[in-house]
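Counting from 211, one number per residue, gives the positions in the sequence shown under my numbering.
The beta carbon of each residue, even a glycine, is placed where N, CA and C say it ideally should be.
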Amino acid sequence: MPGPVFGVASEVGRLRKVIVHRPDLSLQRLTPNNREELLFDDLPWVNRAQAEHDEFVAMLRGHGVEVYHHQRLLAEALESPEARRHAVERTVTHLSVGPALLDPVREELAGWDGETLARHLIGGLSKAEFIDRVREHRADLDRHSLVAALAQPRAFILPALPNSLYQRDPSAWLYGGVSLNPLFFHARRLETINQSIVYHHHPMFAGADFRYWYPPMGDDGSFDEEDFGRACLEGGDMMPIGDGAVAVGVSERTSPHMVEHLALALFAQGAASRVIAVQIPPSRSYMHLDTVFTLVDRDKATGYPPVVEGATAFTLFPGDRPGALDVRRDKGLVAAFEDALGIGHLDVIPTGGDPDQRAREQWDSGCNFVAIEPGVVVGYHKNEYTNRNLRDHGVQVVEIEGFELGKGRGGGHCMTCPILRDGL
């Protein structure tokens with residue numbers, strides 16, 4: 211009997227299955243002192259963020275989408291001893307906790323059940339919480355570990371990963387495979403390890419037939435140090451737009467090096483016929499392509515004009531031999547998409563109203579729509595000018611509240627990792 215099917219064949223085809231993460235412990239770890247390091251512009255009111263997220267999930271399910279919670283998938287995967295070993299060894303290293311704490315921390319975590327381990331792999335573990343669990347060895351820890359002796363009680367043994375809320379980035383499904391992404395910022399890199407555990411060890415994925423576009427051999431989701439920084443890739447920049455085409459933003463968080471790696475992997479398996487590389491300014495305001503441009507229908511998109519109108523685009527095709535590329539400069543983002551999709555005109559609906567309103571709504575995820583089906587998208591209620599523009603062009607906008615969810619700079623597109631979506 212064939213296993214379950216996963217794959218994403220477009221940006222706007224019928225959305226079937228998606229992974230999300232309900233905000234919880236990791237957001238409770240945010241403080242005025244660490245929020246910038248953890249990439250949040252403000253401190254979310256966690257209870258309100260949970261209520262907003264529950265509304266979002268209920269809306270998706272009401273439209274027939276199967277919604278899976280990342281923490282639950284991770285907990286279920288971690289019931290496997292092999293998965294727990296993988297998680298502990300990849301997360302707790304001599305570099306992350308120091309040589310002296312390596313064995314004590316690994317031994318403690320290895321004995322946890324899947325639910326507890328998943329909660330803390332995402333939500334973090336403080337020194338005080340760790341000591342509370344190994345109370346009889348507290349003096350030994352401080353005497354034999356400089357890391358333990360110097361650490362304040364609230365210091366992290368396991369880091370909190372509040373950006374797990376934005377499930378789009380650590381992995382991305384492109385046609386019949388998935389990429390486990392080397393993320394740009396240190397604060398997010400362990401998110402990919404957690405996602406890898408789900409794909410490799412959860413029963414839902416165990417019998418499925420899919421490929422790994424990156425890492426090349428579909429390994430455990432860990433990366434050599436050189437894979438980070440200059441060579442980085444994030445799901446918010448990655449869009450399977452249909453008809454064998456993939457668009458990738460070259461941005462603050464995705465490098466051209468990784469666009470080449472991804473294109474070659476897709477071409478080698480015949481999974482894509484072209485990859486459109488769209489260069490956008492390397493700025494937090496435009497951290498990913500999906501913060502300035504998303505498709506909302508077969509022939510419609512929404513875009514932030516100051517970036518979209520000036521964006522440089524190149525299309526990569528397979529070269530004349532294995533491992534080679536044919537790189538061609540396009541007239542612009544819109545022309546590249548029109549050619550790839552075989553449409554005469556892509557209607558790019560602008561963000562916001564006047565220039566100030568556009569800037570405000572782009573900042574508040576006004577371009578960050580996720581499509582449920584062609585012409586039906588989900589966006590924040592607060593972006594009233596952009597939502598009105600879309601409706602005026604025949605697009606149905608399902609509104610959700612996002613006063614707290616957006617404080618890490620992400621909307622419906624950022625918060626979802628589609629794992630099954632129809633083509634066009």
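Quick one: give me the first and last residue of the beta strand (DSSP E) that residue i is part of.
i	result
W423	R421 to Y424
V580	V580 to E583
W573	W573 -> not in any beta strand (DSSP E); alpha helix (DSSP H) instead, spanning P565 to W573.
L368	F366 to L368
F266	From DSSP, F266 is part of no beta strand (DSSP E) but of the alpha helix (DSSP H) over V256 to G272.
Q362	It is not in any beta strand (DSSP E) - Q362 carries neither H nor E in the DSSP assignment.
K510	K510 to G513
V608	Q606 to I610
P560	D557 to P560
Is residue i helix, strand or coil by DSSP?
i	result
R356	The question names Arg, but residue 356 in the sequence shown is Leu. Of the three classes helix, strand and coil, the one that applies to L356 here is helix, per DSSP.
Y590	strand
H279	strand
L393	coil
I486	strand
V215	coil
G616	helix
S306	coil
R494	helix
Between residue i and residue j, which are expected to be in contact by the criterion C-beta below 8 Å, what is the C-beta distance as a whole number of angstroms?
i	j	result
G452	L551	6 Å
L476	V485	7 Å
D536	G529	5 Å
P560	R570	Their Cβ separation, rounded to whole angstroms, is 14 Å, which puts P560 and R570 out of contact at 8 Å.
A441	S465	6 Å
R294	A320	6 Å
D500	G446	5 Å
G618	N373	6 Å
According to the Cβ coordinates, are residue i and residue j closer than 7 Å?
i	j	result
G585	G223	no
G333	E289	no
C577	R378	no
L686	I367	Residue 686 lies beyond the range of the chain shown here (211 to 634); nothing can be said about it.
P380	E401	yes
V181	L284	Residue 181 cannot be examined here, being either before or after the span of the chain that is shown, 211 to 634.
Y514	V502	yes
V517	Y496	yes
G454	F420	no
L360	I582	no
Q238	V256	yes
Given this structure, state the Cα-to-Cα distance separating residue i from residue j, to the nearest angstrom.
i	j	result
V228	C624	12 Å
V458	M468	10 Å
E614	G562	20 Å
L235	H263	14 Å
D252	T504	25 Å
E247	A397	7 Å
A365	V307	11 Å
F395	D574	21 Å
H354	V587	56 Å
H411	P233	23 Å
N593	G616	12 Å
Q405	I610	26 Å
T522	I490	7 Å
D557	A511	6 Å
S220	I341	48 Å
R531	F524	20 Å
L474	R316	38 Å
Counting along the chain, where does the alpha helix (DSSP H) carrying residue i start and finish?
i	result
R463	Here R463 belongs to no alpha helix (DSSP H), and DSSP marks it neither H nor E.
G333	G324 to G333
A523	First-last for A523: T522 to P528, but that is the beta strand (DSSP E), not the alpha helix (DSSP H).
I403	L400 to H411
Q238	L235 to Q238
V544	L543 to L551
K337	K337 to R343
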